[in-house]
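Protein chains in written order, with my numbering: chain D, -19 to 559; chain L, 4 to 704.
For each residue, glycine too, the CB sits at the ideal point set by N, CA and C.
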Amino acid sequence: MTAVVANGLESVVEQMGITLWRSAYSALIRNALDFATSLCDRDGALVAQGNGIPMNIAAVGGVVRQLSSTVSSWHEGDVALLNDPYRGGTHLNDVFLVTPIFDRDEHAGFAVVAAHQADVGGLVPGSMSHEATEIYQEGLRIPGLLLQRRGVVDPQVLALLRANVRNPDQLVGDLEAMLAAAAIGVREMKALLDRFGSDVVWAHVADLLRRTEDTTREAILAVPAGRYPFEDFLDDDGQGVQDIRIAVAVTVEDGHVTVDFDGSQRQVTGSLNAPLAFTRSCALAAVKCALPPEIRVNEGFFRCVDVVAPRGTIVNAVEPAAVGHRGLTGYRIFDAVLGALAQAVPDRVRAAGEGGTLSCGLAAEPEPGQIVLFRQAFLGAWGGGKEQEGIDGITNAVGNLAAPPIEMLEERYPFLYESYGFVPDTGGPGRHRGGLATAAEIRTLAPHASINIRSDRRRHPPYGLDGGLPGAPSEVVLVHGDRSELLPTKTIVRIDRGDVLRVQLPGAGGHGDPFLRDPSAVLEDVLEGKITPAHAFDAYGVVLATSGDRVDMPRTEAARTERRAADRISRGAAVDPRL
Amino acid sequence: MPVRTGGLAVPLVRTGVEVGLDIGGTFTDVVVRTENETVIGKVLTTPADHSTAFVEGTLATLAVANSSLAQVARIAHGTTLATNAVLTRTGARTALVTTRGFRDVLEIRRLRVPVLFDLTWQKPSPLVPRRWRFEVDERTRADGTVVRDLDLGPLMRQMEVEVEAHGLESVAICLLHSYARPEGERVVARAIRERWPQLAVSASSDLLPLPGEYERTSTVVVNAYLLPLVRTYLSKVAVRLRDEGLAGSFEVMQSDGTLTTVTSVADEPARIVESGPAAGAIAARVECERLGIANAIALDIGGTTAKATLIENGSIARTYDYEVGGDLSRRSRLLNGGGYALALPALDIAEISAGGGSIVSVGLGGTIEVGPTSAGARPGPACYGLGGTLPTITDAHVVVGHLADGQLLGGTLPVSAERARRAFADIARRLDRDAASCAGGALEVADATMLRALRAVSVERGRDPRGLVLVAYGGAGGLHAARLAGALGCRTAIVPRGAGVFSGRGLLDALLAREEVVSVRLPFARLGGRDVTDALARGEERIRGWMTEHLPQQRDFALEREARVRQVGQWTALSLPLETTDDLDRLSERFREHHERTYAHRGGDLPLELVEVRVRAVRPAASAARWMPVAERRAVDRPLERDIHVFRGRPPVRARVIPAGSPERGPLPGPLVIESYDTTTVVPPNARWRRDESGNDRIEL
């Protein structure tokens, strides 16, 4: 019966998600599924979450509790909004919409819809800018207020929202879609309460959370206890702060996990700072990946994991730090926590993936006075695993974004894609090769255009594991005639008609000693054009026969033996992973 | 063994005998309709060569109907051959030609993955490996203008090496923006056909002239991948049927629920991937129409999956974007990327992995779980004694008494309750409950899973299920019908006559049709009257071309028109019927109404955009009467009874059994078990049953 109630709750949040997805306007909601739909109990404990963006996994409860303290008493038909990252939100673009569920006259819980808004005002179109240095530059802040009272939308609130954003129609359209999703949540939750009886449902919800907690604890008990430290880096914040450290220690003890970010970089000048709710979400998402996938996402799971981050650091920013681009930091938090967990559960964690979106905000003026804008996020690759090959051309697991069709982009915007595909030899070498880098070449057709670039993983490429090597670093190059210019990782650059921007993601990390890679797998990569014969030799010690379609085994074995001996001398025998 | 299920009810004007034949994973279902009766047959599928079960099943069933192939006017066929070829990766050695710089589009897909929080997931490998993805230097823009001319030379030289060396059998061609300018693909196709006449060639602009490079590439690749196999199979069947005396036509069910000619399928096999589920949904729609039911949910419960479809105002919504070969365990409709994208019209069917063969297990934390793995036909449910030992949903029905201990399918399939109980022993021990309680729990979990599919097509679309009739069919439809109807809030459930061979029936009910799509992509503000008429004219011209090639004899066709409209900036479009007399204001109003019905709001005042128009030619139905419902002939003289567990945790109740062929028509109160040759229906104590004039079992809750 608990399973039946749990399925019922999942069905409710799924229906909310479908409703939002189908009727939303913005590409971020439609294509990127950059939203989350949730049900909470009266106290804000998460009981079910839909399949939105994993980065939002744990922020909801805090938002509900914050709003409950702002809104003194809830009434049926009330709808509250919040986006303030210093009051439970994650950055200003993520707007949380919360509505209470009443069972007869009793307040029974909350339906929550969070969705990324395309623009909330601020310095630049789209609101997120690496040039922002305090939150006041990042757009409209909503600390928690009622958009709708007892079923009636407050026109003054709507007017205030409209006046502060660049695309009021789209914002209102997306808000309507969020309202519709929340209404479906309320209706369906009521139907569930009617069907089984309120007491029965809530008893089973409590049971569900308890069982999830028990299951999580059992799964954690199966993980070897210990303290697992790891660190990873962001290249820079675009404002002069370089090599931004995310330090983490994951402690597994007595069926409980503590993720401690002590030692992480102080908060930075630019907008990479993450509010605690967001850090917690990304860390929990990483822990979730390391545990059996059957574990449900609800408060019961959260109870087994603590996330600790010192105030005033990049992972727990304090007002008024800018937080717009905290998404990139979120990807790195995910990488760092997984790097720590790889030591504890090596069979569930892969070497690092591409490390987050390489995003290009393109703005052009095809005709004088006519400005077109769009933001494209490129992804991605997965690292090699203990038992899995890396994956070429795939989304990031903590974002699950999708790519828009190039044919549609070309129709709408004055850019021409010259290519979009894999770059050979970029996957981190390993017994299981890391996924290849994807690159795109974009030619400008408008007389002038500007491109706002956010890239990373150039100074700190995606790590390998267990003797596997890092993937190739990212690269952003502007080709102007026969002149090529390497651009900074985060920059806004003005380009002219005919210029080509070439963006290349990093390759993912490899897993295990590359010299232990099955030579036939190396041959397959060569035949597939995913590595060159030279790379097969350099990185894997594999020699191909002159025909090119088979491995020369004797020469391969000789090359591997010789190179191992050389490695042992250069690296020192003690660190050779094979000994 | 085929059985006779009907005698003459209504005299009909009909041109001859018709055969509907659906090949599924386990059984091949045959429905033969002569001038005065309907005969159904079920024979085991012959996986090694489907044409064997096809021809033998047809001949055997015709014999029972005292007919022969020579008298058959048409055979309509549904098959899982195409889906299975993708699932098992047994299609052709296929190459792909793309615009230079874009050969990895097929492999990169839309990036997204179907599972969250699981890094052990593996992406399905592309149907064409990278080494057989060839690039050709050329470039066209979205408006059809050429940026770089096509240079065939290097492509042909590269293929010269690869075609023979690797024994390639089929080639897909997809160039960027070919929907706006198909000439490039045509030049490539012609050159390849001339040089290698043995290769099957598919061009994306012929199959799917729409923007979206991944969807179009994936669709044409699936087509090329299936082409040699489907062509070989269909021509083999066609030859055998002709040899056995068939002079009538041979038609195949497409994913969108319409039939097409066998020659057309031989060029476009990607259109028949959802052949089987579509046929069942069509049968449900037609039966609802006959019964005067405008709004219903059709539910097909098979061995591995349950499929739900919404029938609204007498019609079924279509989708233009789905996946083949995806992971059946996928539980969310928001997450895709598990299979191979197909952007061809299909009936909008929500499929979920719960069926009779779904295996019951104990999950983490001591909860009962059902599926996603299925025991399939082999080893099958434990109670069939075919080698299966793990408990399945079918076993659960036997344990609680819904299915009889003894036999099914008119005695051809033995059933052992003892084996079913033994299969549940391990779970019972682990949960410290008796087998009946565990089986009851498994059925509740299965119901909850199936409800997700039912909700996906009702509540998620903003439709209130309480006003809908549930029509349940497929082998296990009758077992879950009343339970699911109750949970969903429907007042009536119908288990139609012939529920177990419903797909075969739908094949005979379906219309033959051809659809063409023309991409427009213009905001209403910039849309002149000419744009719409020109687009419609282009679609009609393509339809005439198809007719000339595939159905030269057919004269009269009804034309239907449809507009796909969205708000500027939105990514998905809504389908609206389009009349030639429509103006843009009327279309706008229709869009707002549709938007409100679907999303519960009218969608603001943003400008609208006409994405595409679709033109469909439909062959008029051969006859008005569709199914001859008469009592089964086998007489049974005594009422039976057995104990069934209806509510878990309470004692079983004694239910009356209405055996196959019984003259009893009710109305009677539950608990009842209604048995027929092809399905069993359970009526709970709180419901009433009656059999209507058509032989359908109706349950009022």
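Within its own chain, the residues whose Cβ lies closer than 6 Å to the Cβ of L671/L, once the five positions on either side in sequence are excluded, are W692, listed in chain order. Chain-order list of chain D residues neighbouring L210/L: empty, with the shortest C-beta distance near 16 Å, by a criterion of under 8 Å. Between the C-alpha atoms of S173/L and L229/L there is a straight-line separation of about 9 Å. A contact is defined here as three or more CB-CB pairs under 8 Å, and the segment 188 to 207 of chain D meets this definition with respect to the segment 323 to 330 of chain D. Only P214, G215, E216 and Y217 from the segment 209 to 243 of chain L bring a Cβ to less than 7 Å from some Cβ of chain D.
Collapsing the DSSP output to three states places K510/D in coil. Going by DSSP, Y208/D is part of the beta strand (DSSP E) stretching over G206 to D216. When only Cα atoms are considered, F210/D and N253/D end up about 20 Å apart. Of the residues A175/L, Q557/L and E644/L, the one whose Cα lies closest to the Cα of T97/L is A175/L. Within the segment 136 to 168 of chain L, the alpha helix (DSSP H) runs of at least 4 residues that lie entirely inside it are, in chain order, 155 to 168. Neighbours of G260/L in chain D, taken as residues at a C-beta separation under 8 Å, are lacking, since the least C-beta distance is about 22 Å. Of all alpha-carbon atoms in T55/L, G531/L and V327/L, the one lying nearest the alpha-carbon of L24/L is that of T55/L. The continuous beta strand (DSSP E) containing W692/L extends over residues R691 to R694. Apart from the 5 residues on each side of it in sequence, Q161/L sits with its Cβ closer than 8 Å to the Cβ of F137 in its chain, given in chain order. The residue among G366/L, V365/L and S361/L with its C-alpha nearest the C-alpha of G391/L is S361/L. Residue pairing of G89/D in beta bridges, as defined by DSSP: D21/D and I81/D. Contact of T370/L with chain D is assigned, a C-beta pair being separated by under 8 Å. In summary, S500/D is exposed, with fewer than 16 beta-carbon neighbours lying within 10 Å of its beta-carbon over all protein chains present. Under DSSP, N31/D forms no beta bridge with any residue. By the Cβ test, the segment -10 to 3 of chain D is in contact with the segment 24 to 40 of chain D, since at least three Cβ pairs between them sit closer than 8 Å.
Pairing A417/D with L466/D gives a Cβ-Cβ distance that is not under 8 Å. Secondary structure of E334/D (DSSP, three-state): coil. Closest in alpha carbon position to A206/L, among L158/L, L171/L and D270/L, is D270/L. Excluding sequence positions up to five before and after T91/L, its CB lies less than 6 Å from no other CB in the same chain. Nearest C-alpha to E165/L among V100/L, S419/L and G388/L: V100/L.
Beyond the five residues adjoining it in sequence on each side, G448/D comes within less than 8 Å, by CB distance, of A331, G363, G364, G408, P409, G410, R411, H412, G414, G489, G490, H491, G492, D493 and P494 in the same chain, given in chain order. Within the segment 70 to 108 of chain L, the runs of alpha helix (DSSP H) at least 4 residues long that lie entirely inside it are, in chain order, 84 to 90. Comparing C-alpha distances from I43/L to each of I352/L, T452/L and A68/L shows the shortest one belongs to A68/L. In its chain, beyond the 5 residues on either side, D450 and L454 have a beta carbon closer than 7 Å to the beta carbon of A490/L.
Rounded to whole angstroms, the separation of the alpha carbons of A343/D and V403/D is 27 Å. Distances from the CA of E552/L to each of S128/L, S267/L, E599/L and V116/L were compared; the closest alpha carbon is that of S267/L. When DSSP states are grouped into helix, strand and coil, M256/L belongs to the strand group. Counting along the chain, N226/L sits inside the alpha helix (DSSP H) bounded by residues E216 to D246.
When C-alpha distances from D437/L are compared across V402/L, L587/L and I300/L, the shortest belongs to V402/L. Straight across, the Cα-Cα distance linking T86/L with E544/L is about 31 Å.
A Cβ-Cβ contact shorter than 8 Å links G250/D with V221/D.
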